[in-house]
Amino acid sequence: MKIKNLIIFGTRPEAIKMAPLVKQFESFSEKFETKVCITAQHREMLDQVLSFFEITPDYDLDIMKPNQNLYSLTSDIITNLKPVLEEFKPDYVYVHGDTTTTMASSLAAFYSGAKICHVEAGLRTFDLNAPFPEEMNRSVTGVVTNIHFSPTETSKQNLLNENKKQDTIVVTGNTVIDALLFSVDKVNHPNFKDQEIEDLKPFLDNNKRIILVTGHRRENHGQGFINICNALKQIALEHPEVQIIYPVHLNPNVQKPVYDLLNSIDNIKLISPLSYPAFVWLMEKSYLIITDSGGVQEEAPSLGKPVLVMRDTTERPEALDAGTVLLVGTNTDEIINKTKELLLQEDTYFNMSKLHNPYGNGNACTRILEYILEDSNKISHNN
Ligand code: UD1
Ligand code: UDP
3 MKIKNLIIFG TRPEAIKMAP LVKQFESFSE KFETKVCITA QHREMLDQVL
53 SFFEITPDYD LDIMKPNQNL YSLTSDIITN LKPVLEEFKP DYVYVHGDTT
103 TTMASSLAAF YSGAKICHVE AGLRTFDLNA PFPEEMNRSV TGVVTNIHFS
153 PTETSKQNLL NENKKQDTIV VTGNTVIDAL LFSVDKVNHP NFKDQEIEDL
203 KPFLDNNKRI ILVTGHRREN HGQGFINICN ALKQIALEHP EVQIIYPVHL
253 NPNVQKPVYD LLNSIDNIKL ISPLSYPAFV WLMEKSYLII TDSGGVQEEA
303 PSLGKPVLVM RDTTERPEAL DAGTVLLVGT NTDEIINKTK ELLLQEDTYF
353 NMSKLHNPYG NGNACTRILE YILEDSNKIS HNN
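Numbering of the sequence shown is given in our numbering, commencing with residue 3 and proceeding in unit increments.
So, in structure tokens, the structure goes:
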């Protein structure tokens, strides 16, 4: 009998980070029956990723609503997963990271009795309000998880400090590096053609240094985003030699302030969220990245791109220690001052733009598969 895997995800970053794992398990189809369930907490931004990685979900819960709230999101996921779990009866359920999909799916999987595998386990800020609600999501997921796949020794240690058992934690590296290396190879291949990249080229001014911006964190909604936009505006006006490219997240709480405050500035280009290959291409072209994204903080060190992180705290201390990223919060002056420093001081820029790979070498999914093979063999021997 084949081992039954159910891989569940719902948002763009989960999809990017789970796509290589889906492919890895699919390549072992003689041993595993692997099904993909998307909650579709995100819709367009999720579909972009599925399309690039050529993944057709077996189950699509299709739950996204405009400007959705955390209450209905949580209950919709749990309720809609029940028939999927009852029909497929997976042996292993895989969830990723810290979204509401992650937390609610892990609870549903717990009710079903499946073995829960948490990919990207053990990240912590130790502040339940930052990031909100992600710190709670990953902590709750950790409580019901059977196998914790931690990206780094630091995240493993966080779990040990919570009294998780040593033999339930496996350090794998982060699967985002698997996805990134696959995509960098693809994007740099001479035969690779991507319409979105072609459409972007005429807008990029080759004489200017590109500052790439992304942002979406819930705790930055409201005044945080106003401060961020004011900083970007001042940087653009004072530095005509830079071009700010900002693929704006589809959350209406982000779209409104960003388009209201930044739409009419010559050297700021607001665009729709990019598909993953186009975003990777643009990261490589950029001089500097300003973001509050978790995934981008992990990708940038592997690309040697300095990152200013618009948050007060991070669950990813490895890149901070490596010196590639710097926390600037959402204080307008702090964002402006650090950006200017990187634009004007070569030494500072050079020190931050060295290549590092604290998040792995791109073989996280192989390690996960090997561990599950071992674990499932133990189960078959005991039966
Ligand atoms: C979610 C996650 C966050 C993750 C982020 C990645 C939660 C609570 N938040 O935040 O942890 O870092 O995704 O981007 O799990 N929308 C669309 N189309 C899309 C995606 C979003 O229109 O493809 C709009 C919808 O109006 C939706 C809103 O954005 O209701 C918010 O989406 P939601 O997933 O609740 O929050 P995010 O800010 O995207
Ligand atoms: N990303 C993308 N297109 C974009 C912006 C980001 O493909 O227009 C990718 C980025 O490379 C990273 C992931 O999306 O892998 C980060 O997603 P997001 O910032 O939405 O979520 P977070 O990582 O903060 O949870």
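We put the beta carbon where it would ideally sit given N, CA and C, even for glycine.
Computed from a prediction, not measured in an experiment: that's the story for all the values here.
Is any heavy atom of the ligand UDP found at a distance shorter than 6 Å from the C-beta of V18? Here residue 18 refers to the residue found at position 16 of the sequence shown. Reading off the sequence shown, one finds Ile at residue 18, where the question assumed Val. It does: the Cβ of I18 is within 6 Å (strictly closer) of some heavy atom of the ligand UDP.
Taking the continuous alpha helix (DSSP H) assigned at E198, which residues delimit it? On the sequence shown, residue 198 is found 196 positions in, with the first residue counted as 1. Taken as a continuous stretch (DSSP letters only), the alpha helix (DSSP H) holding E198 covers Q197 to L202.
Inter-residue spacing [alpha-carbon to alpha-carbon] between V244 and P204: The count along the sequence shown starts at 1 and reaches residue 244 at position 242. The count along the sequence shown starts at 1 and reaches residue 204 at position 202. Approximately 16 Å between the Cα atoms of the pair.
Could you check whether the Cβ of R14 sits closer than 6 Å to any heavy atom belonging to the ligand UDP? For the purposes of this step, residue 14 is identified with residue 12 of the sequence shown, where counting begins at 1. Yes.
Return the chain-ordered list of same chain residues with a C-beta closer than 7 Å to the C-beta of D64, the five sequence neighbours on each side being excluded. Stepping through the sequence shown from its first residue, residue 64 is reached at position 62. If we look at D64 and ignore the five residues flanking it on each side, its Cβ neighbours are A42.
Please classify Y113: is it buried, with 16 or more other beta-carbons within 10 angstroms of its beta-carbon, or exposed? Along the sequence shown, one-based indexing puts residue 113 at 111. Flag for Y113 reads exposed.
Nearest to E372 (by Cα), restricted to the options I237, L329, P259 and T174: The residue labelled residue 372 in the question sits at position 370 within the sequence shown. Checking every option, the nearest Cα to that of E372 belongs to T174.
Hey, which unbroken runs of the beta strand (DSSP E) at 3 residues or more fall wholly within the stretch 300-353? 309-311 and 327-329
Do the stretch 187-197 and the stretch 264-280 meet, that is, are 3 or more Cβ pairs less than 8 Å apart? The stretch 187-197 vs the stretch 264-280: in contact.
Residues in the same chain with beta-carbon distance under 7 Å from T81, minus the five sequence neighbours each way, listed in chain order, please. Working through the sequence shown from its first residue, we reach residue 81 at position 79. Correct list: empty, nothing qualifies.
Cβ-Cβ separation, L202 to L83 (assumed contact under 8 Å), whole Å: On the sequence shown, residue 83 is found 81 positions in, with the first residue counted as 1. On the sequence shown, residue 202 is found 200 positions in, with the first residue counted as 1. Rounded to the nearest angstrom, the Cβ distance from L83 to L202 is 37 Å, too far for a contact under 8 Å.
Considering only the alpha carbon of each residue, which of E343, L162, P22 and V97 lies closest to V51? Within the sequence shown, residue 51 is the residue found at index 49, counting from 1. The candidate whose alpha carbon is nearest that of V51 is P22.
With three or more C-beta pairs closer than 8 Å as the rule, is the stretch 317-328 touching the stretch 210-222? no
Note down, one range per segment and in chain order, each beta strand (DSSP E) of at least 3 residues found wholly within the stretch 149-213. 149-152 and 171-173
Leaving aside the five residues before and after Q299 along the sequence, list all residues of the same chain whose C-beta is less than 8 Å from its C-beta, in chain order. Working through the sequence shown from its first residue, we reach residue 299 at position 297. Within the same chain, Q299 has close Cβ partners T293, V309, V311, T316, R318, A321 and V327.
Beta-carbon spacing of A106, I149 below 7 Å: Your numbering for residue 106 matches position 104 in the sequence shown. Your numbering for residue 149 matches position 147 in the sequence shown. Not in contact: A106 and I149 (Cβ atoms no closer than 7 Å).
Do you know whose CA, among Y96, L125 and T103, lies nearest Y361's CA? Residue mapping note: residue 361 aligns to position 359 of the sequence shown, counting from 1. Comparing Cα-Cα distances from Y361 to each of Y96, L125 and T103, the minimum goes to L125.
Use the C-beta contact count for H120: other C-beta atoms within 10 angstroms, 16 or more gives buried, fewer gives exposed. The residue you call residue 120 lines up with position 118 of the sequence shown. So H120 ends up on the buried side.
With three or more C-beta pairs closer than 8 Å as the rule, is the stretch 347-364 touching the stretch 170-190? For the pair of segments examined, the stretch 170-190 was found to touch the stretch 347-364: the number of CB pairs separated by less than 8 Å reaches three.
Straight-line CA distance for P192 to K287? What you label residue 192 is simply residue 190 of the sequence shown in a count that begins at 1. What you label residue 287 is simply residue 285 of the sequence shown in a count that begins at 1. Taking the straight line from one Cα to the other gives about 17 Å.
D62 (DSSP reduced to helix, strand or coil): For this step, residue 62 is matched to residue 60 along the sequence shown. DSSP, reduced to helix, strand and coil, places D62 within a strand of the structure shown.
According to the neighbour-count rule (16 or more other Cβ atoms, all chains shown, within 10 Å of its Cβ), is P242 buried or exposed? The count along the sequence shown starts at 1 and reaches residue 242 at position 240. Its Cβ having fewer than 16 others within 10 Å, P242 is exposed.
Under the DSSP definition of a beta bridge, which residues are partnered with T39? Against the sequence shown, residue 39 aligns to sequence position 37. With the sequence shown as reference, residue 39 is identified as Cys, and Thr is not the correct amino acid for it. Within the DSSP bridge table, the entry for C39 names I10 and Y61 as partners.
In whole angstroms, give me the CA-to-CA distance for G1 and P133. Since the first and last residues shown for the chain are 3 and 385, residue 1 lies out of range.
Locate the beta strand (DSSP E) running through Y94, then write down its first and last residues. Position 92 of the sequence shown, counted from the first residue, corresponds to residue 94. Element bounds for Y94: Y94 to H98.
Unbroken beta strand (DSSP E) runs of length 3 or more, entirely within the stretch 209-240: which are they? 211-216
Output needed for D60: all residues of its chain with C-beta closer than 6 Å, excluding positions within five of it in sequence on either side, in chain order. Within the sequence shown, numbered from 1, the residue matching residue 60 stands at position 58. For D60, where only same-chain residues beyond five positions count, the Cβ hits under 6 Å are K37 and V38.
Taking 6 Å as the line, does the beta carbon of S295 fall inside it for any heavy atom of the ligand UDP? For this step, residue 295 is matched to residue 293 along the sequence shown. Yes, the ligand UDP has a heavy atom inside 6 Å of this Cβ.
With DSSP as the reference, please indicate the residues paired to I246 in a beta bridge. The sequence position of residue 246 within the sequence shown is 244, counting from 1. In DSSP, I246 forms a bridge with I213 and I270.
According to DSSP, simplified to helix, strand and coil, what is T101? As a position in the sequence shown, residue 101 is number 99, starting the count at 1. Reduced to three states, the DSSP call for T101 is coil.
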